[in-house]
Amino acid sequence: MSIDITDLRGFYASPLGAVTRRFVGRAIDRFWGPLTGLRVLGLGYAPPYLSAIKDESERTLAFMPANQGVVNWPRSGASASALVDPLMMPLPDASIDRVLVVHALETVESPSELLHEIWRILTPGGRIILVAPNRRGLWARMDTTPFGYGQPYSRSQLKSLMRQTWFSPEGWAETLYVPPLRNRLLLQSAQAWEQVGAGFSLPFAGLHIVEATKQLYRPGAVHAVRRSRRLSPVFVPAPAAPASRVGSPSLIPPSFTGVRQGST
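The letter at position 233 of the sequence shown is residue 232 when you use numbering that gives the first Met the number 0, and the numbering goes up by one with no holes.
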């Protein structure tokens, strides 16, 4: 189930959306670091996180799924956003260095096809950051935020999915331990919730954030060879016939067997 672009914009304009943008943005900066000269793609609804890096990277694009809708981004200058089919993106092979996936993995019909398409457009050694709701957290259980829609994931499910689609997970983070409630006092204590949850590695974080690297070679399928059982003839040498003595009847030609005895 997808969420409308109007709801996404409204969420990030709210105090709860500002808290989300702050904590998720910190994790993205920690994983990627400097992006000078790199081409960056945000897939899903990534403008809240791309605005801080668009001036640093060589090129920054924002692709939004057709069933979600699109907004013009950035607000000033040439538009860098587009409405696309996330499973058939209009980009050549190996053309993007970094991909940020947020509000996309949990709502797409085929997550494996999405990651295969991202693998195609990434350069060798390119990296991806996936932001996905944690199935054990409160954020996936309440539809008051965009992360309450679609399919949540566990850490093991994300790891299995990425390995099946030729990515190597390298960095993991959990964030948003504060409950997804629009209470001002609760949001003001969000930093304390984050420190306690991360310090004790509590399992109810709202989001998984995982960084993975594109594998350079696709693993080839290995098919077992079935050997049919066939009966093959085995040639065993026969023993040689014993030598006969000279004058033996067996040496008399058949034409002489009718000669009478005593004839001259």
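Just so you know, even glycine gets a beta-carbon here, dropped at the ideal spot from N, CA and C. Here the structure is a predicted model, which is why all the values come from computation and not from measurement.
Cβ distance (whole Å) where His95 is taken to contact Thr122 below 8 Å | Going by the sequence as given, residue 95 is Ile instead of His. Going by Cβ atoms, the distance from Ile95 to Thr122 rounds to 7 Å, so yes, they are a contact pair.
Of the residues Thr212, Ile208, Leu40, which one's Cα is nearest the Cα of Ala79?
-> Leu40
DSSP-derived helix/strand/coil call for Leu185 = helix
If you count every other CB in all the chains shown that lies within 10 Å of the CB of Pro202, and 16 or more means buried, which is it?
-> exposed
Hey, Pro110 and Leu160: beta-carbon distance below 8 Å or not?
-> yes
Where do the N-terminal and C-terminal ends of the alpha helix (DSSP H) with Gly32 fall, by residue?
-> Careful: Gly32 lies outside any alpha helix (DSSP H) and carries neither H nor E.
Inter-residue spacing [alpha-carbon to alpha-carbon] between Ile2 and Gln67 | 6 Å
Fully enclosed by the stretch 106-194, which alpha helix (DSSP H) runs are 4 residues long or longer?
-> 110-120, 154-163, 183-187
Thinking C-alpha only, which one of Phe146, Arg140, Phe22, Arg21 is nearest Ala103?
-> Phe146
Run of the alpha helix (DSSP H) containing Pro46, from where it starts to where it stops = 46-49
Distance between Glu173 and Gly124 (C-alpha atoms, nearest Å) = 24 Å
Note the first and the last residue of the continuous alpha helix (DSSP H) segment covering Leu7.
-> 4-11
Leaving out five residues on either side along the sequence, give the residues of the same chain with a beta carbon under 7 Å from the beta carbon of Thr164.
-> Ser111, Leu114, His115, Trp118
Could you give the distance in angstroms between the alpha-carbon of Val100 and the alpha-carbon of Tyr216?
-> 22 Å
What's the gap between the Cα of Trp72 and the Cα of Met63?
-> 11 Å
Starting from Pro64, follow the beta strand (DSSP E) in both directions and report where the run begins and ends.
-> 58-64
What span of residues does the beta strand (DSSP E) with Glu210 cover, start to end?
-> 206-213
Can you grab the Cα-Cα spacing for the pair Gln190 / Leu175, in whole Å?
-> 9 Å
By a C-beta neighbour count over all protein chains shown, 10 Å radius and 16 as the cutoff for buried, is Ser56 buried or exposed?
-> buried
Enumerate in chain order the residues of its own chain whose CB-to-CB distance from Gly196 is below 8 Å, with the five nearest sequence positions on each side excluded.
-> Glu173, Tyr176, Phe203, Ala204
Along the chain, where does the beta strand (DSSP E) that runs through Ala81 open and close?
-> 80-83
What is the rounded straight-line gap between the Cα of Pro168 and the Cα of Arg21?
-> 23 Å
Note down, in chain order, each residue of its chain lying with its Cβ closer than 6 Å to the Cβ of Val18, except the 5 sequence neighbours on either side.
-> Leu186, Ala189
How long is the line joining the alpha carbons of Gly136 and Gln150, rounded to whole angstroms?
-> 13 Å
Can we count Ile2 as close to the ligand ADP, meaning its CB is less than 7 Å from some heavy atom?
-> Because no ligand of any kind appears in the structure shown, any question about the ligand ADP cannot be addressed here.
Could you tell me the boundaries of the beta strand (DSSP E) in which Leu104 lies?
-> Leu104 -> no beta strand (DSSP E), and no H or E assigned at all.
Should Lys133 go down as buried or exposed, given a rule of 16 or more other Cβ atoms within 10 Å for buried?
-> According to the sequence displayed, residue 133 carries Asn and not Lys. Buried is the call here.
Tyr152 to Ala131 span [Cα, whole Å] | 7 Å
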